[in-house]
Amino acid sequence: MLFRLPNELHRYYADHLDAQSLSRLSRTCKFMRTKFQHEMDKIKNATEKALTVRKQKRIQVFEGNSIPGELIQEHDRGEIPLDWPGTSCLLKFERLKPALQNDEVEELRQFLEAKGSPNLRFRTGTPLLHYAMRLGGGHDARMVRLLLDYGARPNDLTPENLTALDYGAYEAPRAGDEARMKLVLLHGGVLGHPGSLRNLYAVGQNGSQLVRMALVNGTNLRHTVQSWGHLLDETDEGDDLYTTEQLCELVHLAPDLLTWVTATGETALDYIMGYRPAVAVYLQQTGHPMYVALRQEWIEKRGRQIFERKLAEVSE
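Using full-length UniProt numbering, you'd call the opening residue of the sequence shown number 1 and step up by one each time.
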(Lines of atoms letter the chains of each structure in order from A and count residues from 1; the text may use other names and numbers.)
(Lines give C-alpha, C1' and ligand atoms only; values in the text may rest on other atoms or scores of the structure.)
Protein backbone atom coordinates (compact mmCIF):
# COMPACT_ATOMS: atom_id res chain seq x y z
CA MET A 1 0.00 0.00 0.00
CA LEU A 2 2.88 2.38 0.79
CA PHE A 3 4.33 1.85 -2.68
CA ARG A 4 1.03 2.60 -4.40
CA LEU A 5 0.22 5.70 -2.38
CA PRO A 6 2.36 8.15 -4.40
CA ASN A 7 0.73 7.02 -7.65
CA GLU A 8 -2.72 7.55 -6.15
CA LEU A 9 -1.66 10.98 -4.98
CA HIS A 10 -0.41 11.86 -8.45
CA ARG A 11 -3.76 10.91 -9.94
CA TYR A 12 -5.57 12.85 -7.23
CA TYR A 13 -3.58 16.02 -7.86
CA ALA A 14 -3.96 15.62 -11.62
CA ASP A 15 -7.72 15.94 -11.15
CA HIS A 16 -7.27 19.29 -9.41
CA LEU A 17 -4.71 21.01 -11.63
CA ASP A 18 -5.34 23.23 -14.62
CA ALA A 19 -3.73 22.74 -18.02
CA GLN A 20 -0.85 25.13 -17.37
CA SER A 21 0.08 23.49 -14.07
CA LEU A 22 -0.11 20.01 -15.57
CA SER A 23 2.08 21.04 -18.47
CA ARG A 24 4.69 22.56 -16.17
CA LEU A 25 4.68 19.57 -13.81
CA SER A 26 4.95 17.07 -16.66
CA ARG A 27 8.27 18.60 -17.69
CA THR A 28 9.93 17.94 -14.33
CA CYS A 29 10.82 14.32 -15.04
CA LYS A 30 9.89 11.33 -17.21
CA PHE A 31 8.02 9.69 -14.34
CA MET A 32 5.70 12.67 -13.97
CA ARG A 33 5.31 12.98 -17.73
CA THR A 34 4.07 9.40 -17.94
CA LYS A 35 1.65 9.85 -15.07
CA PHE A 36 0.12 13.01 -16.47
CA GLN A 37 0.24 12.24 -20.19
CA HIS A 38 -3.32 10.97 -20.22
CA GLU A 39 -4.59 14.16 -18.60
CA MET A 40 -2.56 16.29 -20.98
CA ASP A 41 -4.00 14.44 -23.97
CA LYS A 42 -7.53 15.06 -22.68
CA ILE A 43 -6.80 18.78 -22.37
CA LYS A 44 -5.27 18.95 -25.84
CA ASN A 45 -8.22 17.15 -27.42
CA ALA A 46 -10.75 19.34 -25.59
CA THR A 47 -8.97 22.51 -26.73
CA GLU A 48 -8.69 21.39 -30.35
CA LYS A 49 -12.37 20.47 -30.37
CA ALA A 50 -13.37 23.83 -28.88
CA LEU A 51 -11.44 25.75 -31.55
CA THR A 52 -12.61 23.61 -34.48
CA VAL A 53 -14.56 25.72 -36.97
CA ARG A 54 -18.17 24.57 -36.76
CA LYS A 55 -19.84 27.29 -38.82
CA GLN A 56 -18.80 29.66 -41.57
CA LYS A 57 -20.59 32.65 -43.00
CA ARG A 58 -19.62 34.73 -46.01
CA ILE A 59 -20.74 38.36 -46.11
CA GLN A 60 -20.56 40.93 -48.88
CA VAL A 61 -19.24 44.38 -48.05
CA PHE A 62 -20.90 47.12 -50.12
CA GLU A 63 -20.48 50.84 -49.82
CA GLY A 64 -22.92 52.28 -47.30
CA ASN A 65 -23.70 48.92 -45.70
CA SER A 66 -23.30 48.64 -41.94
CA ILE A 67 -21.84 45.44 -40.58
CA PRO A 68 -23.44 44.14 -37.36
CA GLY A 69 -21.15 44.62 -34.38
CA GLU A 70 -21.21 40.96 -33.42
CA LEU A 71 -19.94 40.01 -36.89
CA ILE A 72 -17.09 42.47 -36.65
CA GLN A 73 -16.09 40.77 -33.41
CA GLU A 74 -16.02 37.37 -35.11
CA HIS A 75 -13.77 38.09 -38.06
CA ASP A 76 -10.07 37.42 -38.18
CA ARG A 77 -8.37 40.68 -37.32
CA GLY A 78 -8.30 42.89 -40.42
CA GLU A 79 -10.15 40.36 -42.57
CA ILE A 80 -13.17 42.57 -43.27
CA PRO A 81 -11.99 45.06 -45.91
CA LEU A 82 -14.17 48.00 -44.86
CA ASP A 83 -12.41 50.29 -47.32
CA TRP A 84 -12.97 48.01 -50.31
CA PRO A 85 -16.68 48.00 -51.23
CA GLY A 86 -17.88 45.10 -53.30
CA THR A 87 -15.58 42.52 -51.73
CA SER A 88 -16.53 39.69 -49.42
CA CYS A 89 -15.00 37.93 -46.45
CA LEU A 90 -15.49 34.63 -44.69
CA LEU A 91 -16.38 34.67 -41.00
CA LYS A 92 -15.34 31.55 -39.11
CA PHE A 93 -17.08 30.48 -35.91
CA GLU A 94 -15.21 28.08 -33.65
CA ARG A 95 -17.21 25.31 -32.00
CA LEU A 96 -17.57 27.01 -28.63
CA LYS A 97 -18.77 30.33 -30.08
CA PRO A 98 -22.23 29.12 -31.14
CA ALA A 99 -22.36 27.09 -27.92
CA LEU A 100 -21.86 30.23 -25.83
CA GLN A 101 -24.21 32.28 -27.98
CA ASN A 102 -27.00 29.69 -27.98
CA ASP A 103 -26.74 28.85 -24.27
CA GLU A 104 -25.53 25.29 -24.89
CA VAL A 105 -24.42 24.79 -21.31
CA GLU A 106 -23.56 21.11 -21.64
CA GLU A 107 -21.15 21.78 -24.52
CA LEU A 108 -19.25 24.25 -22.34
CA ARG A 109 -19.45 21.99 -19.28
CA GLN A 110 -17.94 19.06 -21.20
CA PHE A 111 -15.06 21.26 -22.33
CA LEU A 112 -14.35 22.46 -18.79
CA GLU A 113 -14.71 19.01 -17.22
CA ALA A 114 -12.13 17.76 -19.72
CA LYS A 115 -9.83 20.39 -18.18
CA GLY A 116 -10.15 22.83 -21.04
CA SER A 117 -8.95 26.23 -19.87
CA PRO A 118 -11.74 28.63 -18.80
CA ASN A 119 -9.38 31.38 -20.01
CA LEU A 120 -9.03 29.97 -23.53
CA ARG A 121 -8.99 32.62 -26.25
CA PHE A 122 -10.59 32.38 -29.69
CA ARG A 123 -8.55 33.11 -32.81
CA THR A 124 -9.52 36.78 -32.55
CA GLY A 125 -7.91 36.92 -29.10
CA THR A 126 -11.19 37.16 -27.17
CA PRO A 127 -11.37 35.07 -23.95
CA LEU A 128 -14.36 32.76 -23.45
CA LEU A 129 -15.74 34.78 -20.53
CA HIS A 130 -15.66 38.05 -22.45
CA TYR A 131 -17.46 36.44 -25.38
CA ALA A 132 -20.09 34.99 -23.04
CA MET A 133 -20.59 38.45 -21.52
CA ARG A 134 -21.23 40.04 -24.91
CA LEU A 135 -23.11 37.38 -26.86
CA GLY A 136 -23.92 34.72 -24.29
CA GLY A 137 -27.46 33.42 -24.62
CA GLY A 138 -29.96 32.96 -21.81
CA HIS A 139 -31.28 35.28 -19.14
CA ASP A 140 -29.90 33.50 -16.06
CA ALA A 141 -26.15 33.96 -16.70
CA ARG A 142 -25.48 30.21 -16.59
CA MET A 143 -22.60 30.34 -19.07
CA VAL A 144 -20.88 33.18 -17.24
CA ARG A 145 -21.41 31.48 -13.87
CA LEU A 146 -19.95 28.21 -15.14
CA LEU A 147 -16.83 29.88 -16.53
CA LEU A 148 -16.27 31.84 -13.32
CA ASP A 149 -16.77 28.71 -11.21
CA TYR A 150 -13.97 27.05 -13.19
CA GLY A 151 -11.62 29.99 -12.71
CA ALA A 152 -12.17 32.38 -15.62
CA ARG A 153 -10.34 35.68 -15.07
CA PRO A 154 -12.67 38.68 -15.63
CA ASN A 155 -9.87 41.23 -15.87
CA ASP A 156 -7.86 39.57 -18.63
CA LEU A 157 -7.69 42.02 -21.54
CA THR A 158 -8.76 41.53 -25.14
CA PRO A 159 -6.48 42.81 -27.93
CA GLU A 160 -8.49 46.06 -27.64
CA ASN A 161 -7.62 46.29 -23.90
CA LEU A 162 -11.16 45.49 -22.73
CA THR A 163 -12.02 43.62 -19.54
CA ALA A 164 -14.99 41.24 -19.40
CA LEU A 165 -17.21 44.05 -18.08
CA ASP A 166 -16.02 46.38 -20.84
CA TYR A 167 -16.53 43.76 -23.53
CA GLY A 168 -20.02 42.91 -22.33
CA ALA A 169 -21.22 46.51 -22.15
CA TYR A 170 -24.03 47.33 -24.58
CA GLU A 171 -25.66 50.67 -25.32
CA ALA A 172 -29.09 49.11 -24.91
CA PRO A 173 -29.28 46.76 -21.89
CA ARG A 174 -30.46 43.22 -22.64
CA ALA A 175 -32.23 40.66 -20.53
CA GLY A 176 -29.69 38.97 -18.28
CA ASP A 177 -27.13 41.81 -18.41
CA GLU A 178 -27.55 42.72 -14.75
CA ALA A 179 -27.13 39.12 -13.59
CA ARG A 180 -24.05 38.62 -15.78
CA MET A 181 -22.43 41.87 -14.67
CA LYS A 182 -23.13 41.25 -11.00
CA LEU A 183 -21.53 37.80 -11.21
CA VAL A 184 -18.39 39.24 -12.78
CA LEU A 185 -18.29 42.02 -10.18
CA LEU A 186 -18.59 39.45 -7.38
CA HIS A 187 -15.47 37.83 -8.85
CA GLY A 188 -13.46 41.06 -8.82
CA GLY A 189 -14.30 42.51 -12.23
CA VAL A 190 -13.22 46.09 -12.98
CA LEU A 191 -13.95 48.67 -15.68
CA GLY A 192 -11.39 50.19 -18.00
CA HIS A 193 -13.35 51.71 -20.90
CA PRO A 194 -15.28 55.03 -20.76
CA GLY A 195 -18.50 53.59 -22.18
CA SER A 196 -18.67 50.78 -19.64
CA LEU A 197 -19.46 53.03 -16.67
CA ARG A 198 -22.56 54.44 -18.34
CA ASN A 199 -23.76 50.95 -19.20
CA LEU A 200 -23.49 49.83 -15.60
CA TYR A 201 -25.78 52.71 -14.66
CA ALA A 202 -28.14 51.89 -17.53
CA VAL A 203 -28.48 48.19 -16.78
CA GLY A 204 -31.39 48.62 -14.35
CA GLN A 205 -32.54 49.92 -10.98
CA ASN A 206 -29.42 48.52 -9.34
CA GLY A 207 -27.00 50.31 -11.66
CA SER A 208 -25.71 52.50 -8.86
CA GLN A 209 -24.94 49.43 -6.75
CA LEU A 210 -23.00 47.86 -9.64
CA VAL A 211 -20.93 51.02 -10.07
CA ARG A 212 -20.06 50.99 -6.37
CA MET A 213 -19.03 47.33 -6.61
CA ALA A 214 -16.75 48.13 -9.55
CA LEU A 215 -15.06 50.89 -7.53
CA VAL A 216 -14.60 48.61 -4.51
CA ASN A 217 -12.94 46.09 -6.84
CA GLY A 218 -10.34 48.67 -7.80
CA THR A 219 -11.74 50.44 -10.87
CA ASN A 220 -9.78 53.64 -11.45
CA LEU A 221 -12.58 56.08 -12.20
CA ARG A 222 -10.32 58.82 -13.53
CA HIS A 223 -8.70 56.40 -15.93
CA THR A 224 -12.06 54.93 -16.92
CA VAL A 225 -13.95 58.14 -17.73
CA GLN A 226 -10.82 59.93 -19.03
CA SER A 227 -12.17 63.49 -18.81
CA TRP A 228 -14.98 65.75 -17.62
CA GLY A 229 -15.65 66.32 -21.30
CA HIS A 230 -16.79 62.69 -21.46
CA LEU A 231 -18.80 62.87 -18.23
CA LEU A 232 -20.71 65.90 -19.54
CA ASP A 233 -21.13 64.60 -23.08
CA GLU A 234 -24.46 63.85 -24.76
CA THR A 235 -25.85 60.82 -26.55
CA ASP A 236 -26.60 60.86 -30.27
CA GLU A 237 -30.21 61.67 -29.31
CA GLY A 238 -29.13 64.76 -27.37
CA ASP A 239 -29.68 63.31 -23.89
CA ASP A 240 -27.16 63.70 -21.10
CA LEU A 241 -24.70 60.81 -21.00
CA TYR A 242 -24.88 60.89 -17.20
CA THR A 243 -27.70 62.36 -15.16
CA THR A 244 -26.97 65.07 -12.60
CA GLU A 245 -27.71 62.54 -9.84
CA GLN A 246 -25.15 60.14 -11.28
CA LEU A 247 -22.51 62.87 -11.55
CA CYS A 248 -23.12 63.86 -7.95
CA GLU A 249 -22.70 60.25 -6.89
CA LEU A 250 -19.46 59.91 -8.85
CA VAL A 251 -17.82 62.97 -7.28
CA HIS A 252 -18.91 61.64 -3.88
CA LEU A 253 -17.41 58.20 -4.57
CA ALA A 254 -14.26 59.52 -6.26
CA PRO A 255 -13.42 63.03 -4.96
CA ASP A 256 -10.24 63.15 -7.04
CA LEU A 257 -12.45 63.70 -10.10
CA LEU A 258 -12.64 67.30 -8.90
CA THR A 259 -8.86 67.76 -9.07
CA TRP A 260 -8.75 67.31 -12.84
CA VAL A 261 -7.00 70.04 -14.80
CA THR A 262 -6.69 69.83 -18.60
CA ALA A 263 -3.55 70.65 -20.55
CA THR A 264 -5.10 74.05 -21.36
CA GLY A 265 -5.77 74.81 -17.69
CA GLU A 266 -9.51 74.05 -17.52
CA THR A 267 -10.54 72.66 -14.15
CA ALA A 268 -13.32 70.28 -13.18
CA LEU A 269 -15.31 73.21 -11.82
CA ASP A 270 -14.92 75.04 -15.15
CA TYR A 271 -16.71 72.14 -16.83
CA ILE A 272 -19.30 71.84 -14.06
CA MET A 273 -20.17 75.55 -14.03
CA GLY A 274 -20.26 75.66 -17.82
CA TYR A 275 -22.41 72.61 -18.48
CA ARG A 276 -23.97 71.28 -15.24
CA PRO A 277 -24.01 73.88 -12.42
CA ALA A 278 -26.50 71.69 -10.54
CA VAL A 279 -23.51 69.55 -9.53
CA ALA A 280 -21.95 72.64 -7.89
CA VAL A 281 -25.19 73.15 -5.96
CA TYR A 282 -24.95 69.55 -4.75
CA LEU A 283 -21.33 70.07 -3.66
CA GLN A 284 -22.37 73.15 -1.73
CA GLN A 285 -25.41 71.57 -0.07
CA THR A 286 -23.57 68.42 0.99
CA GLY A 287 -20.52 70.28 2.29
CA HIS A 288 -18.11 68.43 0.02
CA PRO A 289 -14.64 68.82 1.61
CA MET A 290 -13.04 70.04 -1.61
CA TYR A 291 -15.78 72.47 -2.60
CA VAL A 292 -14.78 75.60 -0.65
CA ALA A 293 -11.26 75.72 -2.08
CA LEU A 294 -12.48 74.97 -5.62
CA ARG A 295 -15.20 77.63 -5.39
CA GLN A 296 -12.80 80.29 -4.14
CA GLU A 297 -10.31 79.50 -6.89
CA TRP A 298 -13.04 79.70 -9.54
CA ILE A 299 -14.43 82.99 -8.17
CA GLU A 300 -10.98 84.57 -8.19
CA LYS A 301 -10.58 83.56 -11.82
CA ARG A 302 -14.10 84.24 -13.18
CA GLY A 303 -15.83 86.53 -10.70
CA ARG A 304 -18.38 86.10 -7.92
CA GLN A 305 -21.29 87.57 -9.89
CA ILE A 306 -20.93 85.00 -12.67
CA PHE A 307 -20.68 82.22 -10.09
CA GLU A 308 -23.81 83.29 -8.22
CA ARG A 309 -25.75 83.85 -11.44
CA LYS A 310 -25.02 80.33 -12.64
CA LEU A 311 -26.11 78.82 -9.34
CA ALA A 312 -29.28 80.91 -9.40
CA GLU A 313 -30.12 79.54 -12.87
CA VAL A 314 -30.35 76.05 -11.39
CA SER A 315 -33.28 76.97 -9.12
CA GLU A 316 -35.20 78.89 -11.79
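Backbone N, C-alpha and C fix where the C-beta goes; we use that ideal spot for every residue, glycine too.
Around the beta-carbon of residue 186, fewer than 16 other beta-carbon atoms lie within 10 Å, marking it exposed. Bounds of any alpha helix (DSSP H) do not take in residue 218, whose DSSP letter is neither H nor E.
Per DSSP, residue 298 is one residue of the alpha helix (DSSP H) stretching across 291–302.
Within its own chain, the residues whose Cβ lies closer than 7 Å to the Cβ of residue 183, once the five positions on either side in sequence are excluded, are 141, 144, 145, 148, listed in chain order. A straight line joining the alpha-carbon of residue 242 with that of residue 107 spans about 40 Å.
Residue 220 counts as exposed, since fewer than 16 other beta carbons sit within 10 angstroms of its beta carbon.
In the three-state DSSP reduction, residue 234 falls in the strand class (E or B). The C-beta distance from residue 188 to residue 224 rounds to 16 Å, too long to fall under 8 Å, and the pair is not in contact. In the structure shown, residue 134 adopts helical secondary structure according to DSSP, grouped into three states. In this structure, residue 128 and residue 100 form a Cβ contact; the two beta carbons are roughly 7 Å apart against a cut-off of 8 Å.
One alpha carbon belongs to residue 248, the other to residue 283, and they sit about 8 Å apart. At least 7 Å separates the beta-carbon of residue 47 from that of residue 151. Here the alpha carbon of residue 195 sits roughly 26 Å from the alpha carbon of residue 98. Residue ranges of uninterrupted beta strand (DSSP E) with 3 or more members are absent from the stretch 232–271; none lies entirely inside it.
Within 10 angstroms of the beta-carbon of residue 306 lie fewer than 16 other beta-carbons, which makes it exposed.
The closest CA to that of residue 250, considering only 267, 228, 237, 134, is found on 228. Contact annotation, residue 210 with residue 200: C-beta distance approximately 5 Å; criterion of less than 8 Å satisfied. In this structure, residue 94 lies near residue 122, with their beta-carbon atoms less than 7 Å apart.
Counting only residues of its own chain and dropping the five nearest sequence neighbours on each side, residue 52 has a CB closer than 6 Å to the CB of 95. Cβ contact annotation for residue 202 (same chain, cutoff 7 Å, sequence separation greater than five): 173, in chain order.
DSSP, reduced to helix, strand and coil, places residue 121 within a strand of the structure shown.
Minimum Cα-Cα distance from residue 232 among the listed residues 301, 213, 198 corresponds to 198. Per DSSP, reduced to three states, the secondary structure at residue 159 is coil, with no helix or strand assignment. In this structure, the straight-line span from the alpha carbon of residue 254 to that of residue 265 is close to 21 Å.
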